[in-house]
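Note that my numbering has the sequence shown beginning at 12, numbered continuously upward.
First comes the structure, then the notes that go with it.
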Amino acid sequence: MEPAKYPGAVGRNIEIGTSLSDDLHACACNLHGVTTRVTTNSRAVASALDGFLRAFPADADQTPDVEVFLFTTSSLDAGAAAIPEQAEMLYDWGMVKILRDGPYRFEKVDRRARVIADVENCIAAGFAEDDLLQTDWLITNLFFYPLWAQLMKRKGLFPLHAAGLVRDGRSVLLLGKSGSGKSTLSIHLVRNGYGLLSDDTVFLRETGGRVEAMSFPEEINVTRKTIEMIPELSGIENFTDNPFRDKSSFPIEELYPGCIVDSAVPSVLIFPELVDSGDTAIEPMSGSEALTLSMRYGFFFMDPSTTGRHFEVLSSLVKQAQCFRLFSGSDQAQLESKVDGLLREFM
(Lines of atoms letter the chains of each structure in order from A and count residues from 1; the text may use other names and numbers.)
(Lines give C-alpha, C1' and ligand atoms only; values in the text may rest on other atoms or scores of the structure.)
Protein backbone atom coordinates (compact mmCIF):
# COMPACT_ATOMS: atom_id res chain seq x y z
CA MET A 1 0.00 0.00 0.00
CA GLU A 2 1.36 3.45 -0.90
CA PRO A 3 0.30 6.12 1.62
CA ALA A 4 1.58 8.83 -0.72
CA LYS A 5 -1.38 8.29 -3.04
CA TYR A 6 -3.69 9.86 -0.44
CA PRO A 7 -3.80 13.66 -0.69
CA GLY A 8 -3.66 16.50 1.82
CA ALA A 9 -4.06 16.40 5.57
CA VAL A 10 -5.70 12.98 5.57
CA GLY A 11 -2.80 11.56 3.56
CA ARG A 12 -0.32 12.93 6.09
CA ASN A 13 -2.27 11.28 8.90
CA ILE A 14 -2.34 7.99 7.02
CA GLU A 15 1.45 8.17 6.82
CA ILE A 16 1.60 8.76 10.59
CA GLY A 17 -0.70 5.83 11.24
CA THR A 18 0.95 3.32 8.93
CA SER A 19 4.30 4.09 10.57
CA LEU A 20 2.93 2.78 13.89
CA SER A 21 2.89 -0.85 12.76
CA ASP A 22 3.63 -3.09 9.79
CA ASP A 23 0.81 -5.42 10.88
CA LEU A 24 -2.20 -3.94 9.08
CA HIS A 25 -5.61 -5.55 8.63
CA ALA A 26 -8.20 -4.65 5.99
CA CYS A 27 -11.92 -5.32 5.84
CA ALA A 28 -14.47 -4.13 3.30
CA CYS A 29 -18.19 -3.73 2.81
CA ASN A 30 -20.54 -3.05 -0.07
CA LEU A 31 -23.42 -1.02 1.36
CA HIS A 32 -26.09 -1.03 -1.34
CA GLY A 33 -23.59 -0.42 -4.12
CA VAL A 34 -21.19 1.87 -2.22
CA THR A 35 -17.96 0.12 -1.25
CA THR A 36 -15.85 0.96 1.80
CA ARG A 37 -12.44 -0.37 2.78
CA VAL A 38 -11.17 0.01 6.35
CA THR A 39 -7.50 -0.50 7.17
CA THR A 40 -6.35 -0.75 10.78
CA ASN A 41 -3.37 -1.76 12.90
CA SER A 42 -5.71 -3.26 15.51
CA ARG A 43 -7.12 -6.78 15.45
CA ALA A 44 -9.84 -5.65 17.87
CA VAL A 45 -10.96 -2.89 15.49
CA ALA A 46 -10.88 -5.26 12.50
CA SER A 47 -12.92 -7.88 14.36
CA ALA A 48 -15.50 -5.35 15.57
CA LEU A 49 -16.00 -3.91 12.09
CA ASP A 50 -16.21 -7.36 10.51
CA GLY A 51 -19.15 -8.02 12.82
CA PHE A 52 -20.71 -4.58 12.37
CA LEU A 53 -20.64 -4.78 8.55
CA ARG A 54 -21.13 -8.53 8.22
CA ALA A 55 -24.34 -8.16 6.19
CA PHE A 56 -22.45 -6.36 3.39
CA PRO A 57 -19.27 -8.32 2.55
CA ALA A 58 -16.91 -7.09 -0.16
CA ASP A 59 -13.44 -7.77 -1.53
CA ALA A 60 -10.87 -5.64 0.32
CA ASP A 61 -8.51 -5.85 -2.67
CA GLN A 62 -10.86 -3.85 -4.91
CA THR A 63 -10.62 -0.04 -5.18
CA PRO A 64 -13.31 1.33 -2.83
CA ASP A 65 -15.62 4.33 -3.11
CA VAL A 66 -14.80 5.30 0.49
CA GLU A 67 -11.49 4.65 2.25
CA VAL A 68 -11.07 4.72 6.04
CA PHE A 69 -7.94 4.19 8.15
CA LEU A 70 -8.31 3.63 11.90
CA PHE A 71 -5.25 3.37 14.12
CA THR A 72 -4.88 2.61 17.81
CA THR A 73 -2.04 3.76 20.02
CA SER A 74 -1.15 3.75 23.70
CA SER A 75 -1.17 7.56 23.83
CA LEU A 76 -2.74 10.00 21.37
CA ASP A 77 -0.13 12.23 19.77
CA ALA A 78 -1.01 15.93 19.55
CA GLY A 79 -0.43 15.90 15.80
CA ALA A 80 -2.65 12.92 15.05
CA ALA A 81 -5.79 14.15 13.24
CA ALA A 82 -5.17 17.51 14.87
CA ILE A 83 -8.16 19.87 14.86
CA PRO A 84 -7.34 23.44 13.74
CA GLU A 85 -8.27 26.24 16.14
CA GLN A 86 -10.48 27.84 13.49
CA ALA A 87 -12.57 24.68 12.97
CA GLU A 88 -16.31 25.34 13.30
CA MET A 89 -18.44 23.19 15.59
CA LEU A 90 -21.19 21.38 13.67
CA TYR A 91 -22.53 19.00 16.31
CA ASP A 92 -21.90 18.51 20.02
CA TRP A 93 -23.10 15.32 21.71
CA GLY A 94 -20.94 15.90 24.76
CA MET A 95 -18.53 12.99 24.46
CA VAL A 96 -18.59 13.19 20.64
CA LYS A 97 -18.06 16.43 18.74
CA ILE A 98 -18.09 17.05 14.97
CA LEU A 99 -16.29 20.06 13.47
CA ARG A 100 -15.40 21.35 10.01
CA ASP A 101 -12.64 23.34 8.37
CA GLY A 102 -12.90 23.76 4.59
CA PRO A 103 -13.18 20.32 2.95
CA TYR A 104 -12.30 18.55 6.19
CA ARG A 105 -14.55 17.17 8.89
CA PHE A 106 -13.23 16.29 12.32
CA GLU A 107 -14.56 14.03 15.03
CA LYS A 108 -13.38 14.22 18.61
CA VAL A 109 -14.32 11.42 21.02
CA ASP A 110 -13.58 12.39 24.60
CA ARG A 111 -9.91 13.41 24.64
CA ARG A 112 -8.70 10.03 23.49
CA ALA A 113 -9.75 9.73 19.86
CA ARG A 114 -9.82 11.96 16.78
CA VAL A 115 -10.82 11.33 13.17
CA ILE A 116 -10.27 13.55 10.12
CA ALA A 117 -12.25 13.09 6.89
CA ASP A 118 -11.83 14.67 3.47
CA VAL A 119 -15.41 14.85 2.18
CA GLU A 120 -14.35 15.69 -1.38
CA ASN A 121 -12.09 12.65 -1.78
CA CYS A 122 -14.09 10.40 0.59
CA ILE A 123 -11.15 9.33 2.72
CA ALA A 124 -10.72 9.42 6.49
CA ALA A 125 -8.06 8.64 9.07
CA GLY A 126 -8.52 8.27 12.80
CA PHE A 127 -6.54 7.58 15.95
CA ALA A 128 -7.73 6.28 19.31
CA GLU A 129 -6.06 5.35 22.54
CA ASP A 130 -6.30 1.64 23.30
CA ASP A 131 -8.04 2.10 26.65
CA LEU A 132 -10.93 4.04 25.05
CA LEU A 133 -12.00 1.12 22.87
CA GLN A 134 -13.22 -1.20 25.61
CA THR A 135 -16.16 -2.68 23.66
CA ASP A 136 -17.10 -3.39 20.06
CA TRP A 137 -19.88 -0.78 20.40
CA LEU A 138 -17.37 1.98 21.21
CA ILE A 139 -15.29 0.97 18.19
CA THR A 140 -18.15 0.76 15.70
CA ASN A 141 -20.57 3.43 16.87
CA LEU A 142 -18.21 6.12 18.15
CA PHE A 143 -14.83 5.63 16.48
CA PHE A 144 -15.98 4.48 13.03
CA TYR A 145 -19.61 5.33 12.27
CA PRO A 146 -20.07 9.14 12.69
CA LEU A 147 -17.76 10.38 9.92
CA TRP A 148 -18.18 7.27 7.78
CA ALA A 149 -21.92 7.97 7.68
CA GLN A 150 -21.20 11.50 6.48
CA LEU A 151 -19.08 10.13 3.63
CA MET A 152 -21.98 7.85 2.68
CA LYS A 153 -24.04 11.00 2.07
CA ARG A 154 -21.55 12.04 -0.60
CA LYS A 155 -22.37 8.76 -2.36
CA GLY A 156 -26.14 9.21 -2.19
CA LEU A 157 -26.94 7.17 0.94
CA PHE A 158 -28.42 9.23 3.77
CA PRO A 159 -28.51 7.74 7.29
CA LEU A 160 -31.68 8.04 9.35
CA HIS A 161 -32.05 7.15 13.03
CA ALA A 162 -35.07 4.94 12.54
CA ALA A 163 -36.29 1.38 12.68
CA GLY A 164 -37.67 0.00 9.42
CA LEU A 165 -40.26 -2.76 9.07
CA VAL A 166 -41.55 -4.18 5.78
CA ARG A 167 -44.71 -5.83 4.50
CA ASP A 168 -45.55 -6.49 0.83
CA GLY A 169 -42.71 -4.29 -0.41
CA ARG A 170 -43.75 -1.23 1.60
CA SER A 171 -42.25 -0.08 4.86
CA VAL A 172 -43.02 1.79 8.03
CA LEU A 173 -40.23 3.82 9.60
CA LEU A 174 -40.15 4.45 13.35
CA LEU A 175 -38.12 7.63 13.84
CA GLY A 176 -37.00 8.45 17.35
CA LYS A 177 -34.20 8.88 19.81
CA SER A 178 -32.76 6.01 21.83
CA GLY A 179 -35.22 4.87 24.47
CA SER A 180 -38.33 5.79 22.49
CA GLY A 181 -39.41 2.15 22.06
CA LYS A 182 -38.26 1.50 18.47
CA SER A 183 -36.62 -1.84 19.22
CA THR A 184 -39.51 -3.21 21.28
CA LEU A 185 -42.01 -2.32 18.55
CA SER A 186 -39.68 -3.76 15.92
CA ILE A 187 -39.54 -7.12 17.67
CA HIS A 188 -43.34 -7.13 18.05
CA LEU A 189 -43.83 -6.50 14.32
CA VAL A 190 -41.23 -9.09 13.27
CA ARG A 191 -43.00 -11.63 15.50
CA ASN A 192 -46.15 -10.84 13.51
CA GLY A 193 -44.62 -11.47 10.10
CA TYR A 194 -42.98 -8.18 9.12
CA GLY A 195 -39.54 -8.10 7.55
CA LEU A 196 -36.84 -5.97 9.17
CA LEU A 197 -34.59 -3.35 7.60
CA SER A 198 -33.08 -2.32 10.94
CA ASP A 199 -34.17 -1.51 14.46
CA ASP A 200 -32.00 1.61 14.72
CA THR A 201 -30.60 2.97 11.43
CA VAL A 202 -31.68 2.84 7.80
CA PHE A 203 -30.13 4.56 4.80
CA LEU A 204 -32.30 6.55 2.41
CA ARG A 205 -31.73 6.63 -1.35
CA GLU A 206 -33.84 8.46 -3.92
CA THR A 207 -34.17 6.82 -7.31
CA GLY A 208 -36.81 7.20 -9.99
CA GLY A 209 -38.69 9.88 -8.08
CA ARG A 210 -39.23 7.83 -4.92
CA VAL A 211 -37.29 7.34 -1.70
CA GLU A 212 -36.25 3.84 -0.68
CA ALA A 213 -35.23 2.80 2.82
CA MET A 214 -32.18 0.55 2.65
CA SER A 215 -31.32 -2.02 5.28
CA PHE A 216 -28.55 -1.67 7.84
CA PRO A 217 -29.12 -4.60 10.20
CA GLU A 218 -27.27 -4.45 13.49
CA GLU A 219 -27.78 -6.50 16.60
CA ILE A 220 -31.06 -5.55 18.32
CA ASN A 221 -30.55 -3.54 21.52
CA VAL A 222 -33.00 -4.32 24.31
CA THR A 223 -33.41 -3.40 27.96
CA ARG A 224 -33.93 -5.89 30.76
CA LYS A 225 -37.62 -4.86 30.80
CA THR A 226 -38.02 -5.83 27.12
CA ILE A 227 -36.29 -9.17 27.70
CA GLU A 228 -38.73 -9.94 30.51
CA MET A 229 -41.70 -8.81 28.38
CA ILE A 230 -41.02 -11.03 25.34
CA PRO A 231 -40.86 -14.75 26.24
CA GLU A 232 -38.75 -15.80 23.23
CA LEU A 233 -35.87 -13.57 24.34
CA SER A 234 -35.25 -15.74 27.39
CA GLY A 235 -33.87 -18.40 25.06
CA ILE A 236 -31.21 -16.20 23.45
CA GLU A 237 -27.74 -17.63 24.08
CA ASN A 238 -25.63 -14.86 22.55
CA PHE A 239 -26.58 -11.65 24.33
CA THR A 240 -23.84 -9.01 24.25
CA ASP A 241 -23.90 -6.66 27.22
CA ASN A 242 -23.32 -2.95 26.63
CA PRO A 243 -22.56 -1.31 29.99
CA PHE A 244 -22.41 2.14 28.39
CA ARG A 245 -26.07 1.99 27.30
CA ASP A 246 -27.52 -0.30 29.99
CA LYS A 247 -28.76 -2.61 27.23
CA SER A 248 -28.01 -6.02 25.80
CA SER A 249 -27.94 -6.91 22.11
CA PHE A 250 -28.57 -10.03 20.06
CA PRO A 251 -28.77 -11.03 16.37
CA ILE A 252 -32.49 -11.08 15.57
CA GLU A 253 -32.06 -13.78 12.92
CA GLU A 254 -31.19 -16.16 15.75
CA LEU A 255 -34.90 -16.00 16.65
CA TYR A 256 -36.44 -15.19 13.27
CA PRO A 257 -34.29 -16.60 10.44
CA GLY A 258 -34.72 -14.84 7.11
CA CYS A 259 -36.45 -11.77 8.55
CA ILE A 260 -33.95 -9.25 7.12
CA VAL A 261 -35.17 -7.39 4.00
CA ASP A 262 -32.84 -5.47 1.69
CA SER A 263 -34.99 -2.41 0.87
CA ALA A 264 -38.53 -1.08 0.68
CA VAL A 265 -40.44 2.12 -0.11
CA PRO A 266 -41.70 3.85 3.07
CA SER A 267 -45.42 4.59 3.12
CA VAL A 268 -45.83 5.34 6.85
CA LEU A 269 -43.65 7.38 9.21
CA ILE A 270 -44.25 7.05 12.95
CA PHE A 271 -42.56 9.23 15.56
CA PRO A 272 -42.82 7.36 18.89
CA GLU A 273 -42.29 8.81 22.33
CA LEU A 274 -42.92 7.27 25.73
CA VAL A 275 -45.54 8.85 28.00
CA ASP A 276 -46.37 8.31 31.68
CA SER A 277 -49.99 7.43 30.97
CA GLY A 278 -51.02 3.83 30.53
CA ASP A 279 -52.98 4.71 27.41
CA THR A 280 -51.53 4.94 23.91
CA ALA A 281 -52.57 7.68 21.49
CA ILE A 282 -51.85 8.17 17.79
CA GLU A 283 -52.17 11.56 16.10
CA PRO A 284 -51.64 12.55 12.45
CA MET A 285 -48.80 14.98 11.79
CA SER A 286 -48.41 17.78 9.29
CA GLY A 287 -45.75 17.40 6.63
CA SER A 288 -43.79 20.38 7.96
CA GLU A 289 -43.69 18.95 11.48
CA ALA A 290 -42.61 15.54 10.19
CA LEU A 291 -39.89 17.11 8.04
CA THR A 292 -38.51 19.08 10.99
CA LEU A 293 -38.21 15.95 13.12
CA SER A 294 -36.82 13.92 10.20
CA MET A 295 -34.02 16.46 9.84
CA ARG A 296 -33.16 15.95 13.51
CA TYR A 297 -33.03 12.16 13.19
CA GLY A 298 -31.19 12.34 9.86
CA PHE A 299 -28.14 14.13 11.31
CA PHE A 300 -28.98 16.84 8.79
CA PHE A 301 -26.59 19.54 10.02
CA MET A 302 -23.47 17.41 10.29
CA ASP A 303 -22.24 18.07 6.74
CA PRO A 304 -23.16 21.39 5.09
CA SER A 305 -21.75 20.15 1.77
CA THR A 306 -24.69 17.75 1.44
CA THR A 307 -27.52 19.65 3.14
CA GLY A 308 -29.21 20.65 -0.14
CA ARG A 309 -29.50 17.12 -1.46
CA HIS A 310 -30.27 15.77 2.01
CA PHE A 311 -33.17 18.22 2.37
CA GLU A 312 -34.58 17.11 -0.99
CA VAL A 313 -34.48 13.43 0.02
CA LEU A 314 -36.14 14.04 3.39
CA SER A 315 -38.78 16.27 1.77
CA SER A 316 -39.59 13.55 -0.76
CA LEU A 317 -39.79 10.97 2.02
CA VAL A 318 -42.32 13.01 3.99
CA LYS A 319 -44.42 13.72 0.88
CA GLN A 320 -44.74 10.05 -0.08
CA ALA A 321 -45.73 8.83 3.40
CA GLN A 322 -48.52 9.18 5.95
CA CYS A 323 -47.01 10.67 9.14
CA PHE A 324 -48.09 10.09 12.75
CA ARG A 325 -47.07 10.81 16.31
CA LEU A 326 -47.24 7.80 18.61
CA PHE A 327 -47.60 8.48 22.32
CA SER A 328 -46.66 5.08 23.73
CA GLY A 329 -48.39 4.23 26.98
CA SER A 330 -47.31 1.62 29.49
CA ASP A 331 -50.07 -0.83 28.51
CA GLN A 332 -48.06 -2.90 26.03
CA ALA A 333 -51.03 -4.88 24.70
CA GLN A 334 -52.94 -1.68 23.90
CA LEU A 335 -49.87 -0.12 22.29
CA GLU A 336 -49.35 -3.11 20.02
CA SER A 337 -53.04 -3.26 19.12
CA LYS A 338 -53.18 0.41 18.11
CA VAL A 339 -50.00 0.20 16.02
CA ASP A 340 -51.29 -2.96 14.32
CA GLY A 341 -54.57 -1.21 13.47
CA LEU A 342 -52.80 1.84 12.06
CA LEU A 343 -50.56 -0.24 9.81
CA ARG A 344 -53.45 -2.37 8.56
CA GLU A 345 -55.14 0.83 7.41
CA PHE A 346 -52.20 2.54 5.75
CA MET A 347 -49.93 -0.27 4.51
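Where a beta carbon is used, it is the ideal one built from N, C-alpha and C, also for glycine.
Asn-152 versus Pro-68, Glu-118, Asp-88, residue with shortest Cα-Cα distance: Glu-118
Complete runs of the alpha helix (DSSP H) confined to the region 51–114 [at least 4 residues]: 54–63
Beta-carbon spacing of Asp-70, Ile-94 below 9 Å: no
Enclosing alpha helix (DSSP H) for Ala-160 [first to last residue]: 156–165
Neighbourhood of Phe-261 by C-beta distance below 8 Å, restricted to the same chain and skipping five residues each side: Glu-230, Ile-231, Val-233, Leu-244, Ile-247, Asn-249, Phe-250, Thr-251.
For Asp-147, the nearest candidate out of Gly-19, Val-56, Arg-336 (CA to CA): When each option's Cα is compared against that of Asp-147, the closest is Val-56.
For Lys-258, the nearest candidate out of Glu-239, Thr-83, Gly-90, Asp-179 (CA to CA): Glu-239
The region 84–98 in contact with the region 286–302 per 3-pair CB rule at 8 Å: Flag = no, the region 84–98 and the region 286–302 do not touch.
Best match in Thr-84, Gly-352, Ser-327 for proximity to Ser-299 [C-alpha to C-alpha]: Ser-327
Residues bridged to Gly-137 (per DSSP): Leu-81, Val-126
Any 3 or more C-beta pairs closer than 8 Å across the region 314–330 and the region 214–227: yes
Proximity test, Phe-80 beta-carbon vs the ligand ADP heavy atom, cut-off 8 Å: Among the components of this structure there are no ligands whatsoever, and the ligand ADP is therefore not found.
Cβ-based burial, Thr-195 [other Cβ within 10 Å; buried from 16]: Buried.
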